[in-house]
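**Q** To start, I am sharing the structure in question, which I have written as structure tokens.
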Amino acid sequence: MSEVEKLYEGKAKIVYATKDPDILLAYFKDDATAFNAQKRGQIQGKGEVNCQISAWLYQYLGEKGIPTHYIDQPEPTQMRVRAVKIIPLEVVVRNIAAGSLCRQTGLPLGQALTEPLVEFYLKNDELGDPLLTRDRIFALNIVTPGQLDRLKTLALEINQYLQEFFNACGITLVDFKLEFGLDRDQKLLLADEISPDTCRLWNRDESDPQKRVMDKDRFRLDLGQIEAAYQQVLQRVGETFTRQNAN
Ligand code: TMP
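Residue numbers for the sequence shown follow my numbering, beginning at 352 and rising by one.
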């Protein structure tokens, strides 16, 4: 990778240019951060696990008709993706109350939401990724009303498909964060990653509120057994993906 240009280094990934301007290479790191990088560490093998899980989930979603940036996975920690301009919104979908929703609204942890909740946060570390309103999104000129409606529709569709998939893995999809980008033709594509870093995933075989956690909350909340939990998600997602593709 030495002869290719590094375009961007984020907290969990590095993005490189390739000879083709429409194709980028994303390298997934073992580095982990939480609370806007106030907590830092490493999760051994995370780059490979998250790259592989994301690759399977993008292929699954692509087969369902969701437009994604995924092309292929040339190495265990590398993904070739379509070049997009990332929209600076973190699109969060919640099925069950957890995390900042509980902190900010007082809803009890684990309460099922009657309807999936779609929220938009500003992707800006300096400002601490604040929760936005629809009108703030337009005031900031981030997307048009039509694009925002399309983002919400896509996020809800992706939630349906991911819930079906994770149910088949014996995992409850509590909530997750998506990012989208626009390609050269202004086509909206699902981008970034979908992994235990960006989802809350609860093991349906466990009722204990700490033992059931299979995602980055193990790191955020110092619950231990982080690598084992990520490996368990990798194994279950791989088995489900293989089973579904054999049918
Ligand atoms: P939250 O409850 O902390 O707002 O997180 C909601 C979901 O979004 C959860 O699945 C974790 C994910 N997330 C990210 O992927 N990146 C982030 O920076 C944050 C804050 C949350």
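Where a beta carbon is used, it is the ideal one built from N, C-alpha and C, also for glycine.
Which residue's Cα is closest to the Cα of residue 463: 548, 447, 455?
**A** The count along the sequence shown starts at 1 and reaches residue 463 at position 112. For residue 463, the nearest C-alpha among the options comes from 447.
**Q** Of the residues 372, 382, 408, which one's Cα is nearest the Cα of residue 590?
**A** Taking the first residue of the sequence shown as position 1, residue 590 is located at position 239. Measuring from the Cα of residue 590, the nearest candidate turns out to be 408.
**Q** Which residues in the same chain have their Cβ closer than 8 Å to the Cβ of residue 560, if we skip the five residues on either side of it in sequence?
**A** Locating residue 560 in the sequence shown gives position 209, counting from the first residue. Here the set comprises 460, 461.
**Q** Are residue 439 and residue 492 closer than 8 Å when you measure CB to CB?
**A** The residue labelled residue 439 in the question sits at position 88 within the sequence shown. The residue labelled residue 492 in the question sits at position 141 within the sequence shown. Going by C-beta atoms, residue 439 is not nearer than 8 Å to residue 492.
**Q** By DSSP, does residue 476 sit in helix, in strand, or in coil?
**A** Position 125 of the sequence shown holds residue 476. Helix at residue 476.
**Q** Nearest-angstrom Cα distance between residue 487 and residue 594?
**A** For the purposes of this step, residue 487 is identified with residue 136 of the sequence shown, where counting begins at 1. For the purposes of this step, residue 594 is identified with residue 243 of the sequence shown, where counting begins at 1. Each residue's Cα considered, the two are about 44 Å apart.
**Q** If you follow the beta strand (DSSP E) that residue 515 is in, where does it begin and where does it stop?
**A** By one-based count along the sequence shown, residue 515 stands at place 164. First-last for residue 515: 496 to 519, but that is the alpha helix (DSSP H), not the beta strand (DSSP E).
**Q** Please list the segments of the beta strand (DSSP E) lying wholly inside the segment 558 to 586, counting only runs of 3 or more residues, in order along the chain.
**A** You should have found no qualifying run.
**Q** Threshold first: 3 residues or longer. Then list the beta strand (DSSP E) segments lying entirely within the segment 519 to 552, N to C.
**A** Whole beta strand (DSSP E) segments, 3+ residues: 522 to 533, 539 to 542.
**Q** Less than 7 Å separating the Cβ of residue 452 from some heavy atom of ligand 1?
**A** Numbered from 1 along the sequence shown, position 101 holds the residue referred to as residue 452. Within the cutoff, so yes.
**Q** For the structure I just gave you, are there three or more beta carbon pairs, one from the segment 511 to 529 and one from the segment 541 to 556, closer than 8 Å?
**A** Flag = yes, the segment 511 to 529 and the segment 541 to 556 touch.
**Q** Extract the residue ranges of the alpha helix (DSSP H) inside the segment 382 to 467, only unbroken runs of 4 or more that lie entirely within it.
**A** Listed in chain order, the complete alpha helix (DSSP H) runs (minimum 4 residues) inside the segment 382 to 467 are 397 to 414, 450 to 456.
**Q** DSSP on residue 470, reduced to helix/strand/coil?
**A** Position 119 of the sequence shown holds residue 470. The answer is strand: DSSP assigns residue 470 an E or B state.
**Q** Answer with buried or exposed for residue 377, where buried requires no fewer than 16 other C-beta atoms within 10 angstroms of its C-beta.
**A** Here residue 377 refers to the residue found at position 26 of the sequence shown. Buried, since its Cβ has 16 or more Cβ neighbours within 10 Å.
**Q** Indicate the three-state DSSP secondary structure (helix, strand or coil) for residue 356 in the structure shown.
**A** Taking the first residue of the sequence shown as position 1, residue 356 is located at position 5. Residue 356 falls in the coil class under three-state DSSP.
**Q** In the DSSP assignment, find the alpha helix (DSSP H) that holds residue 374 and state where it starts and stops.
**A** As a position in the sequence shown, residue 374 is number 23, starting the count at 1. Segment 374 to 379 is the beta strand (DSSP E) holding residue 374; no alpha helix (DSSP H) there.
**Q** Thinking C-beta only, is residue 469 closer than 8 Å to residue 412?
**A** Here residue 412 refers to the residue found at position 61 of the sequence shown. Here residue 469 refers to the residue found at position 118 of the sequence shown. Taking 8 Å as the Cβ cut-off, residue 412 and residue 469 do not qualify as a contacting pair.
**Q** Apart from the five residues on each side of it in sequence, which residues of its chain come closer than 7 Å, Cβ to Cβ, to residue 422?
**A** Stepping through the sequence shown from its first residue, residue 422 is reached at position 71. Once the five neighbours on either side are set aside, the close Cβ partners of residue 422 are 374, 431, 432, 433.
**Q** Between the alpha carbons of residue 596 and residue 414, how many angstroms are there, rounded?
**A** As a first step, residue 596 must be located in the sequence shown, where it is residue number 245. As a first step, residue 414 must be located in the sequence shown, where it is residue number 63. Their backbone Cα atoms lie some 10 Å apart in a straight line.
**Q** In the DSSP assignment, find the unbroken alpha helix (DSSP H) run with residue 490 in it and report its ends.
**A** Translated into the one-based positions of the sequence shown, residue 490 becomes position 139. From DSSP, the alpha helix (DSSP H) with residue 490 extends over 485 to 490.
**Q** Which whole-angstrom value describes the C-beta separation of residue 437 and residue 532, a residue pair presumed to lie in contact below a C-beta threshold of 8 Å?
**A** Locating residue 437 in the sequence shown gives position 86, where the first residue counts as 1. Locating residue 532 in the sequence shown gives position 181, where the first residue counts as 1. So it is a contact: roughly 5 Å between Cβ atoms.
**Q** Does ligand 1 have even one heavy atom less than 7 Å from the beta-carbon of residue 471?
**A** The residue you call residue 471 lines up with position 120 of the sequence shown. No.
**Q** When the Cα atoms are used, what is the spatial distance from residue 453 to residue 538?
**A** The residue you call residue 453 lines up with position 102 of the sequence shown. The residue you call residue 538 lines up with position 187 of the sequence shown. Rounded to whole angstroms, residue 453 to residue 538 spans 35 Å at the Cα level.
**Q** For the putative contact between residue 397 and residue 381, defined by C-beta atoms under 8 Å, what is the C-beta separation to the nearest angstrom?
**A** Reading the sequence shown from its first residue, position 46 is the one you call residue 397. Reading the sequence shown from its first residue, position 30 is the one you call residue 381. Between residue 381 and residue 397 the Cβ distance is about 5 Å, and since that is below 8 Å, they are a contact.
**Q** Given 7 Å as the limit, tell me if residue 563 has its C-beta closer than that to any heavy atom belonging to ligand 1.
**A** Within the sequence shown, the letter at position 212 stands for residue 563. Checking the Cβ of residue 563 against ligand 1 gives no.
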